[in-house]
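So the sequence shown is numbered by the numbering used here: it starts at 149 and just counts up by one. Beta carbons: idealized from backbone N, C-alpha and C, even for Gly. Notes follow the structure.
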Amino acid sequence: MPMIRLTAPAGALTEEGRRSVQRDLAGVLLRWEGAPDTPFFRAQAWSYLAELPEGAQTTAEDDAPRFLVEVTVPQGALSERRKAGLVQEATRTVLAAAGLTPDDALRVWVLVHEQPDGTWGAGGSVIRYADLVALAKGQSTDA
Numbered sequence: 149m150p151m152i153r154l155t156a157p158a159g160a161l162t163e164e165g166r167r168s169v170q171r172d173l174a175g176v177l178l179r180w181e182g183a184p185d186t187p188f189f190r191a192q193a194w195s196y197l198a199e200l201p202e203g204a205q206t207t208a209e210d211d212a213p214r215f216l217v218e219v220t221v222p223q224g225a226l227s228e229r230r231k232a233g234l235v236q237e238a239t240r241t242v243l244a245a246a247g248l249t250p251d252d253a254l255r256v257w258v259l260v261h262e263q264p265d266g267t268w269g270a271g272g273s274v275i276r277y278a279d280l281v282a283l284a285k286g287q288s289t290d291a
């Protein structure tokens, strides 16, 4: 049950990028988490776009737009290899949505937050990582 949030200055994404980036990022997250491509798991991959008003983001150097991708997953859902792949693909996805090149990659930061087991709740119940793994195995399309 992953969640991904992109924070970006308003107007920093292309028109097409703004329309597609949330679903694109959710898909990236599901792939790297190894979740089955089923309607249930796609519906649980929440994706947010938080656009900052003009002047709300800057650096000590300049006002060029920066992008923050925050990913929240259950602890243990991502190996180091999967985290690296997620960071790389999420960065490419944001750059494409903003019409930027790989030379601008340092303008995209990706933070992976791992939620400790037993501290994630949904539907009025605590959700444990082992429950999600069992559910994924039951819904896997590669069985």
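Pick from the options that is closest to residue i, judged by C-alpha positions
{"i": "D265", "options": "Y277, S273, V258", "result": "Y277"}
{"i": "E181", "options": "W268, P201, E228, L161", "result": "E228"}
{"i": "A238", "options": "P157, G271, K285, Q170", "result": "Q170"}
Those residues which DSSP pairs with residue i across a bridge
{"i": "S195", "result": "I152"}
{"i": "W257", "result": "L216"}
{"i": "E262", "result": "V221"}
Residue i - containing beta strand (DSSP E), residue span
{"i": "Q236", "result": "Premise fails: Q236 lies in the alpha helix (DSSP H), 228-246, not in any beta strand (DSSP E)."}
{"i": "A270", "result": "268-270"}
Same chain only: Cβ atoms within 6 Å of residue i, ignoring 5 sequence neighbours per side
{"i": "L216", "result": "T155, W257"}
{"i": "T249", "result": "none"}
{"i": "K231", "result": "V260"}
Same chain only: Cβ atoms within 7 Å of residue i, ignoring 5 sequence neighbours per side
{"i": "G286", "result": "none"}
Bounding residues of the alpha helix (DSSP H) (the contiguous stretch that carries residue i)
{"i": "D185", "result": "Here D185 belongs to no alpha helix (DSSP H), and DSSP marks it neither H nor E."}
{"i": "L161", "result": "Looking at the DSSP string, L161 is not in any alpha helix (DSSP H), and its letter there is neither H nor E."}
Same chain, Cβ closer than 8 Å to residue i, five either side skipped, listed in chain order
{"i": "V235", "result": "V258, V260"}
{"i": "G224", "result": "E262, D265, Y277"}
Checklist entry - Below 8 Å, can you find three or more Cβ-Cβ pairs linking the region 161-180 to the region 188-205? => result yes
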